[in-house]
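As C-alpha coordinates, the structure follows; a few thoughts come after it.
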Amino acid sequence: MENLNLEVIEPRMLVLTGEKSFEEMKELAWNKKTAAFGGIKNLLSRPKAEDISIIHAEKQYKPFWHIVCSSNFEYRRMTDFLVQINDPAVQKVIIFNEEMEIDKTRNVKLHGIEHCLESSTKEIFIDAYAENEEDFSRYLSMEKREISQTEELNTGDNIVVPVKMKAAYIVRKLLSDMMKPIDADEVLDETVRIEILDLYFRPIYAFEYSWLPKNKQNVLEFDGITGEFYSGKVLREKMAEIFTEETLFEIGGEVAGTLIPGASIPVKILQESRKRKSNSK
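Mapping to this note's numbering: the sequence shown position 29 is 42, numbers consecutive.
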(Lines of atoms letter the chains of each structure in order from A and count residues from 1; the text may use other names and numbers.)
(Lines give C-alpha, C1' and ligand atoms only; values in the text may rest on other atoms or scores of the structure.)
Protein backbone atom coordinates (compact mmCIF):
# COMPACT_ATOMS: atom_id res chain seq x y z
CA MET A 1 0.00 0.00 0.00
CA GLU A 2 2.95 2.32 -0.54
CA ASN A 3 0.93 4.29 -3.12
CA LEU A 4 -1.99 5.00 -0.83
CA ASN A 5 -3.46 8.48 -1.17
CA LEU A 6 -5.23 9.87 1.89
CA GLU A 7 -7.35 12.90 1.04
CA VAL A 8 -8.97 14.94 3.79
CA ILE A 9 -11.54 17.67 3.40
CA GLU A 10 -11.08 20.78 5.50
CA PRO A 11 -12.79 20.16 8.86
CA ARG A 12 -15.54 22.28 10.30
CA MET A 13 -16.56 23.19 13.82
CA LEU A 14 -20.31 23.83 13.97
CA VAL A 15 -22.81 24.91 16.58
CA LEU A 16 -26.52 24.14 16.29
CA THR A 17 -28.61 27.28 16.48
CA GLY A 18 -32.27 28.16 16.89
CA GLU A 19 -32.50 26.79 20.41
CA LYS A 20 -35.26 27.85 22.79
CA SER A 21 -34.56 30.65 25.26
CA PHE A 22 -33.55 29.97 28.84
CA GLU A 23 -36.96 31.19 30.04
CA GLU A 24 -38.77 28.77 27.71
CA MET A 25 -36.60 25.87 28.81
CA LYS A 26 -37.05 26.71 32.48
CA GLU A 27 -40.82 26.70 32.04
CA LEU A 28 -40.60 23.31 30.30
CA ALA A 29 -38.35 22.02 33.07
CA TRP A 30 -40.79 23.25 35.71
CA ASN A 31 -43.68 21.46 34.01
CA LYS A 32 -41.64 18.23 33.92
CA LYS A 33 -40.34 18.38 37.48
CA THR A 34 -42.22 15.31 38.75
CA ALA A 35 -40.58 13.31 35.94
CA ALA A 36 -37.20 13.94 37.54
CA PHE A 37 -38.05 11.40 40.25
CA GLY A 38 -40.43 9.17 38.33
CA GLY A 39 -37.83 6.46 37.81
CA ILE A 40 -37.07 5.86 41.48
CA LYS A 41 -38.23 2.42 42.62
CA ASN A 42 -39.80 1.24 45.88
CA LEU A 43 -41.80 4.42 46.39
CA LEU A 44 -45.44 4.30 47.40
CA SER A 45 -46.33 7.23 45.19
CA ARG A 46 -44.89 9.83 42.89
CA PRO A 47 -43.79 13.09 44.51
CA LYS A 48 -46.14 16.01 44.75
CA ALA A 49 -45.33 18.92 42.49
CA GLU A 50 -45.27 21.37 45.39
CA ASP A 51 -42.56 19.32 47.12
CA ILE A 52 -40.09 19.76 44.22
CA SER A 53 -37.99 22.82 43.44
CA ILE A 54 -35.29 23.68 40.91
CA ILE A 55 -32.08 24.43 42.77
CA HIS A 56 -29.64 24.82 39.87
CA ALA A 57 -29.77 25.43 36.12
CA GLU A 58 -27.09 25.73 33.45
CA LYS A 59 -26.62 25.77 29.69
CA GLN A 60 -24.10 23.34 28.23
CA TYR A 61 -22.73 22.82 24.74
CA LYS A 62 -22.14 19.10 24.17
CA PRO A 63 -19.90 17.90 21.30
CA PHE A 64 -20.34 15.11 18.79
CA TRP A 65 -18.42 14.05 15.70
CA HIS A 66 -19.87 13.41 12.26
CA ILE A 67 -17.35 11.77 9.94
CA VAL A 68 -17.84 10.21 6.50
CA CYS A 69 -15.04 8.20 4.90
CA SER A 70 -14.93 6.67 1.42
CA SER A 71 -12.41 4.39 -0.26
CA ASN A 72 -11.59 3.67 -3.88
CA PHE A 73 -9.33 0.81 -4.93
CA GLU A 74 -8.52 0.17 -8.61
CA TYR A 75 -6.25 -2.71 -9.58
CA ARG A 76 -5.45 -5.45 -12.09
CA ARG A 77 -4.63 -9.12 -11.68
CA MET A 78 -3.74 -11.98 -13.97
CA THR A 79 -6.25 -14.81 -14.01
CA ASP A 80 -7.34 -17.86 -15.99
CA PHE A 81 -10.78 -18.19 -17.56
CA LEU A 82 -12.26 -21.59 -18.37
CA VAL A 83 -14.49 -21.92 -21.43
CA GLN A 84 -16.61 -25.09 -21.62
CA ILE A 85 -16.71 -26.73 -25.06
CA ASN A 86 -20.02 -28.60 -25.14
CA ASP A 87 -20.03 -29.93 -28.72
CA PRO A 88 -18.05 -33.24 -28.79
CA ALA A 89 -17.38 -32.71 -32.47
CA VAL A 90 -15.14 -29.74 -31.71
CA GLN A 91 -11.53 -30.90 -31.77
CA LYS A 92 -9.69 -27.57 -31.92
CA VAL A 93 -10.37 -24.01 -30.82
CA ILE A 94 -8.50 -21.12 -32.41
CA ILE A 95 -8.70 -17.74 -30.68
CA PHE A 96 -6.83 -14.71 -32.08
CA ASN A 97 -4.99 -17.02 -34.48
CA GLU A 98 -3.74 -19.16 -31.61
CA GLU A 99 -4.71 -22.79 -31.30
CA MET A 100 -5.94 -23.54 -27.77
CA GLU A 101 -5.77 -26.95 -26.12
CA ILE A 102 -9.00 -28.64 -25.05
CA ASP A 103 -8.37 -30.53 -21.81
CA LYS A 104 -9.94 -33.82 -20.68
CA THR A 105 -12.89 -32.04 -19.09
CA ARG A 106 -13.62 -30.29 -22.40
CA ASN A 107 -12.43 -26.89 -21.12
CA VAL A 108 -10.24 -24.33 -22.81
CA LYS A 109 -8.09 -22.22 -20.51
CA LEU A 110 -7.67 -18.56 -21.46
CA HIS A 111 -5.17 -16.26 -19.80
CA GLY A 112 -6.38 -12.74 -19.16
CA ILE A 113 -6.39 -9.68 -16.94
CA GLU A 114 -9.15 -8.64 -14.56
CA HIS A 115 -9.56 -4.89 -14.11
CA CYS A 116 -11.17 -4.36 -10.67
CA LEU A 117 -12.71 -1.39 -8.91
CA GLU A 118 -13.91 -1.49 -5.29
CA SER A 119 -15.57 1.48 -3.62
CA SER A 120 -17.21 1.85 -0.23
CA THR A 121 -18.45 4.59 2.12
CA LYS A 122 -18.90 4.59 5.87
CA GLU A 123 -20.50 7.18 8.14
CA ILE A 124 -20.12 7.46 11.89
CA PHE A 125 -21.46 9.61 14.73
CA ILE A 126 -19.58 9.72 18.03
CA ASP A 127 -20.44 11.42 21.30
CA ALA A 128 -17.14 13.28 21.66
CA TYR A 129 -17.35 13.46 25.46
CA ALA A 130 -18.95 10.14 26.42
CA GLU A 131 -16.81 8.42 23.72
CA ASN A 132 -19.55 6.17 22.36
CA GLU A 133 -21.43 5.87 19.08
CA GLU A 134 -24.86 7.46 19.01
CA ASP A 135 -27.23 8.39 16.22
CA PHE A 136 -27.09 12.18 15.89
CA SER A 137 -28.26 12.21 12.26
CA ARG A 138 -31.42 14.15 13.17
CA TYR A 139 -29.30 17.25 13.75
CA LEU A 140 -27.74 17.37 10.27
CA SER A 141 -30.72 19.14 8.69
CA MET A 142 -31.08 21.67 11.51
CA GLU A 143 -29.85 25.27 11.50
CA LYS A 144 -26.17 25.68 12.29
CA ARG A 145 -23.30 28.11 12.01
CA GLU A 146 -19.58 27.59 11.73
CA ILE A 147 -17.18 28.70 14.45
CA SER A 148 -13.38 28.78 14.53
CA GLN A 149 -12.80 28.51 18.29
CA THR A 150 -14.79 27.00 21.16
CA GLU A 151 -14.24 30.27 23.02
CA GLU A 152 -17.04 31.70 20.89
CA LEU A 153 -19.46 29.52 22.87
CA ASN A 154 -17.78 29.91 26.24
CA THR A 155 -19.48 33.20 27.11
CA GLY A 156 -21.37 34.20 30.24
CA ASP A 157 -22.35 31.15 32.27
CA ASN A 158 -22.30 28.77 29.28
CA ILE A 159 -20.32 25.58 29.80
CA VAL A 160 -18.56 24.02 26.81
CA VAL A 161 -18.14 20.30 27.41
CA PRO A 162 -14.62 19.30 26.29
CA VAL A 163 -13.89 16.86 23.48
CA LYS A 164 -12.26 13.66 24.72
CA MET A 165 -11.77 12.01 21.31
CA LYS A 166 -9.50 13.42 18.63
CA ALA A 167 -10.50 13.13 14.99
CA ALA A 168 -7.49 10.91 14.27
CA TYR A 169 -8.70 8.21 16.67
CA ILE A 170 -12.09 7.96 14.93
CA VAL A 171 -10.58 8.07 11.44
CA ARG A 172 -8.19 5.25 12.36
CA LYS A 173 -11.17 3.19 13.51
CA LEU A 174 -13.03 3.86 10.25
CA LEU A 175 -10.03 3.01 8.12
CA SER A 176 -9.30 -0.20 10.00
CA ASP A 177 -12.87 -1.30 9.22
CA MET A 178 -12.62 -0.33 5.56
CA MET A 179 -9.10 -1.40 4.63
CA LYS A 180 -8.51 -4.98 3.54
CA PRO A 181 -5.85 -6.94 1.66
CA ILE A 182 -6.06 -6.64 -2.12
CA ASP A 183 -5.38 -9.62 -4.39
CA ALA A 184 -3.68 -7.66 -7.15
CA ASP A 185 -0.71 -7.86 -9.50
CA GLU A 186 -0.82 -4.14 -10.23
CA VAL A 187 -2.44 -1.44 -8.11
CA LEU A 188 -3.60 1.52 -10.17
CA ASP A 189 -5.21 3.62 -7.45
CA GLU A 190 -5.64 3.41 -3.68
CA THR A 191 -7.47 6.46 -2.43
CA VAL A 192 -9.11 6.99 0.92
CA ARG A 193 -11.09 10.19 1.25
CA ILE A 194 -12.38 11.81 4.43
CA GLU A 195 -15.40 13.52 2.88
CA ILE A 196 -16.91 14.99 6.04
CA LEU A 197 -15.02 15.89 9.21
CA ASP A 198 -17.39 17.94 11.36
CA LEU A 199 -17.41 18.60 15.09
CA TYR A 200 -20.84 19.73 16.29
CA PHE A 201 -21.85 21.40 19.54
CA ARG A 202 -25.50 21.11 20.59
CA PRO A 203 -27.13 23.27 23.26
CA ILE A 204 -28.32 21.41 26.36
CA TYR A 205 -30.07 22.86 29.41
CA ALA A 206 -29.48 20.98 32.65
CA PHE A 207 -31.80 21.46 35.65
CA GLU A 208 -31.15 20.07 39.11
CA TYR A 209 -34.26 19.31 41.17
CA SER A 210 -34.66 18.81 44.89
CA TRP A 211 -37.40 16.68 46.45
CA LEU A 212 -37.44 18.35 49.84
CA PRO A 213 -39.39 15.84 52.01
CA LYS A 214 -37.15 12.99 50.83
CA ASN A 215 -33.93 15.05 50.67
CA LYS A 216 -33.23 13.72 47.18
CA GLN A 217 -31.75 15.44 44.16
CA ASN A 218 -31.86 14.54 40.50
CA VAL A 219 -30.99 16.17 37.18
CA LEU A 220 -32.82 16.32 33.88
CA GLU A 221 -31.15 17.48 30.69
CA PHE A 222 -33.29 19.15 28.03
CA ASP A 223 -32.27 19.34 24.39
CA GLY A 224 -32.38 23.03 23.52
CA ILE A 225 -33.42 22.30 19.94
CA THR A 226 -35.93 19.44 20.19
CA GLY A 227 -37.07 19.79 23.81
CA GLU A 228 -36.36 16.11 24.50
CA PHE A 229 -35.33 15.39 28.09
CA TYR A 230 -33.54 12.62 29.92
CA SER A 231 -31.58 11.97 33.08
CA GLY A 232 -28.26 13.77 33.18
CA LYS A 233 -25.92 15.76 35.36
CA VAL A 234 -24.88 19.33 36.06
CA LEU A 235 -21.29 20.46 35.73
CA ARG A 236 -21.55 23.71 37.76
CA GLU A 237 -18.32 25.22 36.45
CA LYS A 238 -16.51 25.75 33.18
CA MET A 239 -14.27 22.94 32.00
CA ALA A 240 -10.78 23.11 30.55
CA GLU A 241 -10.13 21.97 27.00
CA ILE A 242 -8.30 18.67 26.61
CA PHE A 243 -6.98 19.38 23.10
CA THR A 244 -6.28 22.54 21.16
CA GLU A 245 -8.27 23.08 17.96
CA GLU A 246 -5.16 22.29 15.90
CA THR A 247 -4.36 18.95 17.55
CA LEU A 248 -8.05 18.08 17.77
CA PHE A 249 -8.37 18.01 13.98
CA GLU A 250 -4.87 16.82 13.05
CA ILE A 251 -5.12 13.70 10.89
CA GLY A 252 -2.12 13.24 8.65
CA GLY A 253 0.79 12.07 10.76
CA GLU A 254 -1.13 9.90 13.22
CA VAL A 255 -3.32 8.13 10.66
CA ALA A 256 -0.64 7.73 8.00
CA GLY A 257 1.77 6.21 10.49
CA THR A 258 -0.88 3.71 11.55
CA LEU A 259 -1.67 2.61 8.00
CA ILE A 260 1.90 2.41 6.77
CA PRO A 261 4.53 2.80 9.48
CA GLY A 262 7.36 5.00 8.24
CA ALA A 263 5.67 5.74 4.92
CA SER A 264 5.23 9.14 3.35
CA ILE A 265 1.63 9.74 2.31
CA PRO A 266 0.35 12.93 0.65
CA VAL A 267 -2.09 14.29 3.21
CA LYS A 268 -3.62 17.72 3.53
CA ILE A 269 -2.26 19.29 6.71
CA LEU A 270 -5.40 20.31 8.54
CA GLN A 271 -3.94 22.44 11.28
CA GLU A 272 -2.22 24.68 8.74
CA SER A 273 -5.51 25.04 6.88
CA ARG A 274 -7.29 26.01 10.07
CA LYS A 275 -4.57 28.53 10.94
CA ARG A 276 -4.94 30.18 7.56
CA LYS A 277 -8.69 30.28 8.01
CA SER A 278 -8.35 31.79 11.47
CA ASN A 279 -5.86 34.42 10.30
CA SER A 280 -8.12 35.47 7.45
CA LYS A 281 -10.83 36.65 9.87
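Idealized CB from N, CA, C, for every residue including glycine.
Margin query: Assess contact between the segment 168 to 175 and the segment 60 to 77, defined as three or more Cβ pairs (one per stretch) separated by less than 8 Å. Is contact present?
Written below: Note that the segment 168 to 175 touches the segment 60 to 77; at least 3 beta-carbon pairs, one per stretch, sit closer than 8 Å.
Check: Going by DSSP, which residues form a beta bridge with Trp224?
Finding: Residue pairing by DSSP places Trp224 opposite Ile65, Lys229 in a beta bridge.
Margin query: Pull the bridge partners of Leu212 from the DSSP assignment, please.
Written below: DSSP, once it has assigned bridges, lists Met26, Trp78 as partnering Leu212.
Notebook entry, point to check: Going by other Cβ atoms of all chains shown within 10 Å of its Cβ, with 16 needed for buried, is Pro76 buried or exposed?
Noted result: Pro76 is buried by the Cβ-count criterion.
Checklist line | Exposure label - Ser84; buried when at least 16 CB within 10 Å | finding: By the beta-carbon neighbour count (other beta carbons within 10 angstroms, threshold 16), Ser84 is buried.
Checklist line | Three-state secondary structure assigned by DSSP to Ser83 | finding: In this structure, Ser83 counts as strand in the three-state DSSP scheme.
Notebook entry, point to check: Which residue's Cα is closest to the Cα of Thr47: Glu258, Met155, Gln230, Trp78?
Noted result: Ranked by Cα distance from Thr47, the first of Glu258, Met155, Gln230, Trp78 is Gln230.
Note to self: Taking the beta carbon of Tyr243 as the centre, do at least 16 other beta carbons fall within 10 Å, making it buried, or is it exposed?
What the structure shows: The residue is exposed, with fewer than 16 neighbouring Cβ atoms inside 10 Å.
Note to self: I need the boundaries of the alpha helix (DSSP H) containing Asn44, first residue and last residue.
What the structure shows: Bounds of the alpha helix (DSSP H) holding Asn44 are 35 to 44.
Notebook entry, point to check: Is it right to say Phe109 is buried, meaning 16 or more other beta carbons lie within 10 angstroms of its own, or is it exposed?
Noted result: By the beta-carbon neighbour count (other beta carbons within 10 angstroms, threshold 16), Phe109 is exposed.
Checklist line | Bounding residues of the beta strand (DSSP E) (the contiguous stretch that carries Arg158) | finding: Element bounds for Arg158: 157 to 160.
Next item on the list: Please work out which residues of its chain come closer than 7 Å, Cβ to Cβ, to Asp64, disregarding the five sequence neighbours upstream and downstream, and give them in chain order.
Entry: For Asp64, same chain residues with a beta-carbon under 7 Å away, outside a window of 5 residues either side, are Trp224, Leu225, Pro226 in chain order.
Note to self: Can you find the residues in the same chain that come closer than 7 Å, C-beta to C-beta, to Lys105, ignoring five residues on each side of it along the sequence?
What the structure shows: Closer than 7 Å at the Cβ level, and outside the excluded window around Lys105, lie Glu112.
Note to self: Do Glu208 and Thr134 have their beta-carbon atoms positioned less than 9 Å apart in this structure?
What the structure shows: Yes, Cβ-Cβ distance for Thr134 and Glu208 is below 9 Å.
Margin query: Checking the sheet assignment: what are the DSSP bridge partners for Asn145?
Written below: Under DSSP, the beta-bridge partners assigned to Asn145 are Asp140.
Margin query: Going by DSSP in three states, Asp196 sits in which element: helix, strand or coil?
Written below: Three-state result, Asp196: coil.
Checklist line | Per-residue DSSP class, three states only, for Leu261 | finding: Of the three classes helix, strand and coil, the one that applies to Leu261 here is helix, per DSSP.
Next item on the list: Report the three-state DSSP secondary structure of Leu201 (helix, strand or coil).
Entry: In the displayed model, Leu201 falls within a strand according to three-state DSSP.
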